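Participant: Mind looking over this structure? Questions follow.
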Amino acid sequence: MKHDKELLIRNYLSNLQVDVEIAGYTYCPRNWADFDYLPDYNKFYYICDGEGWLKIGDKEYYPKPGQLFLMPAGVIQSYSTISDNTFRKYWCHFTAKIGGINLFDIVKGPVFIDVADDLTLTGLFSKLVNSFEIGGFTADFRAKGIMIEIIAWYFDNLPLSDIRLYSCHSVEKLGAVLAYIEAHIMENITIEDLADIVHFHPNYFIKFFRKHLGCSPLQYINRLRLEKAKRLLRTTELTIREITDMIGFNDPAYFSKVFRKHTGFSPLEFRNIIKRVPQGLCLDKL
Numbered sequence: 384m385k386h387d388k389e390l391l392i393r394n395y396l397s398n399l400q401v402d403v404e405i406a407g408y409t410y411c412p413r414n415w416a417d418f419d420y421l422p423d424y425n426k427f428y429y430i431c432d433g434e435g436w437l438k439i440g441d442k443e444y445y446p447k448p449g450q451l452f453l454m455p456a457g458v459i460q461s462y463s464t465i466s467d468n469t470f471r472k473y474w475c476h477f478t479a480k481i482g483g484i485n486l487f488d489i490v491k492g493p494v495f496i497d498v499a500d501d502l503t504l505t506g507l508f509s510k511l512v513n514s515f516e517i518g519g520f521t522a523d524f525r526a527k528g529i530m531i532e533i534i535a536w537y538f539d540n541l542p543l544s545d546i547r548l549y550s551c552h553s554v555e556k557l558g559a560v561l562a563y564i565e566a567h568i569m570e571n572i573t574i575e576d577l578a579d580i581v582h583f584h585p586n587y588f589i590k591f592f593r594k595h596l597g598c599s600p601l602q603y604i605n606r607l608r609l610e611k612a613k614r615l616l617r618t619t620e621l622t623i624r625e626i627t628d629m630i631g632f633n634d635p636a637y638f639s640k641v642f643r644k645h646t647g648f649s650p651l652e653f654r655n656i657i658k659r660v661p662q663g664l665c666l667d668k669l
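In structure tokens, the structure reads:
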């Protein structure tokens, strides 16, 4: 049984596709706070100093220096300061997917780890931040490699008994659905289309989808479209009209409205701000 579990995890990780949206080392301002938002990316917070408050799902935490927190995509989250002694922390936003499914929806571990080997983890985060500051055409490539090392560090420091796996049958069905969404993201995707892929009644399919991914199919599709939009805004000079067409929104005004609701910024504001991230801005909500 232990061998089977290790084999499954090894297979999942070997098929992992990782992208890093942003990383930094930040002294959080006193007004650092946001409540009940649903990110479409995973986050690691490595707390170096200070104090604060996090809520992940329905559980509250007061992280201590030397703890690494994982905040998975698709989980309602809140955070704030609690005193003038605010966090100094390394942090990153990233996606980690297996066939379109978030790794942490399939392989679940604890929310936080007490870090014993501080030098190794600090070194990895420092390299990740530097890869963004240095830039160049290999920046994303270098960041992916370092991010994979950080994810590996997280799992290497967990007892196997602390890792839970979702059933392969569900993963296969979800994988087929998410692959279809990915391939047809520019088109009008209906619930009926998706339910037909796995031979479910549409009403049951919605419940099945929400049970395993924590959101409705429509929420997931919009989240994926916005994820692609952010990547295009960050890495290309395409116009808002061109990006709108590429991600299936069609109407630029509607796209801008949804984008602002999701990130707090218009697409153009996001593009301008993301270019200034190495100057130390605290952009956790991006």
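Residue numbers (the working numbering): 384 to 669.
Think of the CB as a built atom: it goes at the ideal place given N, C-alpha and C, for glycine as much as any other residue.
Treat the numbers as computed from the prediction; the structure is a model and nothing was measured.
#1: With 16 as the cutoff for other CB atoms within 10 Å, does residue 566 come out buried or exposed?
#2: Given residue 421, which residues of its chain have a CB within under 6 Å of its CB, disregarding the five upstream and five downstream residues?
#3: Would you list the one or two residues that DSSP bridges to residue 475?
#4: Could you work out which residue in 599, 519, 432 and 644 is closest to residue 618 when comparing CA atoms only?
#5: Report yes or no: do the segment 473-486 and the segment 392-408 share at least 3 C-beta pairs separated by less than 8 Å?
#6: Would you say the segment 393-400 touches the segment 424-443, given that touching needs at least three Cβ pairs under 8 Å?
#7: Going residue by residue through the segment 480-527, where are the continuous alpha helix (DSSP H) segments of at least 4 residues, counting only ones entirely within it?
#8: For residue 573, does the count of other Cβ atoms within 10 angstroms reach 16, so buried, or fall short, so exposed?
#9: Report the three-state DSSP secondary structure of residue 462 (helix, strand or coil).
#10: Could you pull out every unbroken alpha helix (DSSP H) segment of at least 4 residues lying fully inside the segment 557-602, listed in chain order?
#11: Which residue from 563, 635, 515 and 481 puts its Cα closest to that of residue 658?
#12: Looking only at its own chain, which residues have a Cβ that is under 6 Å from the Cβ of residue 505, when we skip the five neighbours before and after it?
#13: Who pairs with residue 609 in a beta bridge, going by DSSP?
#14: Are the Cβ atoms of residue 424 and residue 473 separated by less than 8 Å?
#15: Whole angstroms are fine: how far does the CA of residue 452 sit from the CA of residue 432?
#16: Does the Cβ-Cβ distance between residue 564 and residue 615 come in under 8 Å?
#17: Look at the alpha carbon of residue 589 and the alpha carbon of residue 578, and state the distance between them as a whole number of angstroms.
#18: CA-CA distance, residue 527 and residue 512?
#19: Looking at the structure shown, is residue 549 part of a helix, part of a strand, or coil, going by DSSP?
#20: Considering only residues of the same chain and omitting the five flanking positions on each side of residue 571, which have a CB-CB separation below 8 Å?
#21: How big is the Cα-Cα spacing for residue 603 and residue 413?
#22: Does the distance from the CB of residue 461 to the CB of residue 418 come in under 8 Å?
#23: Could you tell me how far apart the beta carbons of residue 549 and residue 488 are, in whole angstroms, since I believe they sit closer than 8 Å?
#24: Quick check on DSSP: helix, strand or coil for residue 642?
#25: Going by beta carbon distance, what residues of the same chain come within less than 8 Å of residue 599, once the five residues before and after it are set aside?
#26: Cβ atoms of residue 612 and residue 648: under 8 Å apart, would you say?
#27: Kindly indicate which three-state DSSP category residue 630 falls into: helix, strand or coil?
#28: Based on the DSSP secondary-structure assignment, which residues constitute the bridge partners of residue 329?
#29: To the nearest angstrom, report how far apart residue 427 and residue 501 are at their CA atoms.
#30: I'd like to know whether the C-beta atoms of residue 629 and residue 569 end up nearer to each other than 8 Å.
Facilitator: Well, looking at it:
#1: exposed
#2: 459
#3: 406 and 427
#4: 519
#5: yes
#6: no
#7: 486-489 and 501-517
#8: exposed
#9: strand
#10: 574-581 and 585-596
#11: 515
#12: none
#13: Answer by DSSP bridge pairing: none, since residue 609 is not bridged.
#14: no
#15: 14 Å
#16: no
#17: 8 Å
#18: 12 Å
#19: coil
#20: 631
#21: 33 Å
#22: yes
#23: 7 Å
#24: helix
#25: 589, 592 and 593
#26: no
#27: coil
#28: This structure gives no information on residue 329, because the portion of the chain shown stretches from 384 to 669.
#29: 15 Å
#30: yes
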